[in-house]
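Quick note, the sequence shown lines up with residues 0 to 220 if you use numbering that gives the first Met the number 0.
Glycine included, C-beta positions come from ideal geometry on N, C-alpha and C.
Because the structure is a prediction, the values reported are computed rather than measured.
A short write-up of the structure that comes next.
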Amino acid sequence: MTQEWTLFVDSLWPIVRGGLLGTIPLAVVSFIVGLVLALGVALMRMSRSRVLSGLARAYISVIRGTPLLVQLFVIFYGLPSLGLLIDPWPSAVIAFSLNVGGYAAEVIRAAILSVPRGQWEAAYMAGMSHRLTLRRVILPQAARVSVPPLSNTFISLVKDTSLASLILVTELFREAQKVAAFSQEFMLLYMQAALVYWVFCLALSTGQNALEKRLDRYVAH
0 MTQEWTLFVD SLWPIVRGGL LGTIPLAVVS FIVGLVLALG VALMRMSRSR
50 VLSGLARAYI SVIRGTPLLV QLFVIFYGLP SLGLLIDPWP SAVIAFSLNV
100 GGYAAEVIRA AILSVPRGQW EAAYMAGMSH RLTLRRVILP QAARVSVPPL
150 SNTFISLVKD TSLASLILVT ELFREAQKVA AFSQEFMLLY MQAALVYWVF
200 CLALSTGQNA LEKRLDRYVA H
């Protein structure tokens with residue numbers, strides 16, 4: 000027990016550091032890129048153009064219908080066969096961003112559709128164009144509605160970044176694997192990694208609740 004406790008204490012900071020320097024940045028960058036992509040796909044999905052709408056539907060269907068691990072492997076291991084070699088970290092960002100875009104697009108679309116039609120009509124009556132109405136009236140209201148599901152998407156993404164260890168990206172779980180392989184204490188190190196993930200997600204959930212309460216202050220009940 001003394002040796003196991005010593006190993007637990009000694010390995011805690013390397014694992015936490017892997018989360019702070021690897022997992023969180025990877026999740027944040029992928030989420031931001033994914034949100035930008037999701038907004039574009041959501042607007043395409045709502046477009047009157049059958050071509051744009053069809054492309055958006057196809058993209059969402061492929062992303063939601065295939066495992067994230069397969070998407071990651073296609074980008075990192077598959078694309079080199081076509082002559083396109085991408086380093087591990089950018090490969091992970093691309094895969095996670097595309098995945099977030101596919102799921103968040105439907106969240107954003109639903110949030111936009113939840114804004115009453117009267118908001119559009121009032122903006123048009125005030126002389127606003129469609130684009131200006133979307134940017135200054137509709138999207139701010141839709142953003143508030145989409146906070147809970149998008150926050151859940153981000154928390155899930157933080158956990159999903161563990162898959163990046165399979166393409167040798169240095170992050171939380173990869174650090175745990177290194178220590179486990181050296182010490183042969185697999186159960187202890189993997190449980191420790193699970194504990195650190197749980198603490199990270201608990202902190203993010205607390206932040207999510209605080210943000211939701213803050214946004215509710217500006218809503219009439």
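Which residue marks the beginning of the alpha helix (DSSP H) containing E170, and which one marks its end?
Run containing E170: none; DSSP gives neither H nor E here.
Cβ shell of A26 (< 6 Å), same chain only, five flanking positions each side left out
L156, V157, T160
Whose C-beta lies closer than 6 Å to the C-beta of V32 among residues of the same chain, with five residues either side of it excluded?
S96
Would you grab the beta carbon distance between E174 and I74 for me? Rounded to a whole angstrom, and I think it's under 8 Å.
So it is not a contact: roughly 23 Å between Cβ atoms.
Between L210 and G82, what straight-line distance do the alpha-carbon atoms span, to the nearest angstrom?
45 Å
Touching or not, the stretch 183–191 and the stretch 135–146, by the rule of three or more beta carbon pairs under 8 Å?
no
State the CB to CB distance for the pair E170 and A163, rounded to an integer number of angstroms; the pair is presumed to be in contact (CB under 8 Å).
6 Å
Among L131, W119, L203, V168, nearest to I154 - alpha-carbon criterion:
L203
Give every residue of the same chain whose Cβ lies closer than 6 Å to the Cβ of V168, excluding the five residues on either side of it in the sequence, and list them in chain order.
P87, W88, A91
Does the contact criterion of 3 or more C-beta pairs under 8 Å hold for the stretch 93–108 versus the stretch 38–46?
yes
Assuming the contact rule is C-beta atoms closer than 8 Å, A110 and S145 should be a hit. Round their C-beta distance to whole Å, please.
4 Å
Using DSSP with H/G/I as helix, E/B as strand and the rest coil, what is D86?
coil
V178 vs S10 beta-carbon contact at 9 Å
yes
So within the stretch 69–130, which uninterrupted alpha helix (DSSP H) runs reach at least 4 residues, ignoring any that extend past its ends?
87–113, 116–124
Determine the direct distance from the alpha carbon of P148 to that of L214, and round the result to whole angstroms.
14 Å
For M45, which three-state DSSP category applies?
coil
To the nearest angstrom, how far is it from the Cα of L165 to the Cα of A55?
29 Å
According to DSSP, is P147 part of a helix, a strand, or is it coil?
helix
Taking only three categories from DSSP, how would you classify A219?
With a pLDDT of only 45 at A219, under 50, the local geometry of the prediction cannot be trusted, and the value read off the model is given with reservation. A219: coil per DSSP, three-state reduction.
Could you compute how far the alpha carbon of A193 sits from the alpha carbon of F172?
9 Å
From A219 to R143, what does the alpha carbon distance come to, in whole angstroms?
The pLDDT assigned to A219 is 45, lower than 50, so where the model puts this residue is not dependable; a value taken from the coordinates is nonetheless given after this. Using only the alpha carbons, I get a separation of about 13 Å.
Going by other Cβ atoms of all chains shown within 10 Å of its Cβ, with 16 needed for buried, is S29 buried or exposed?
buried
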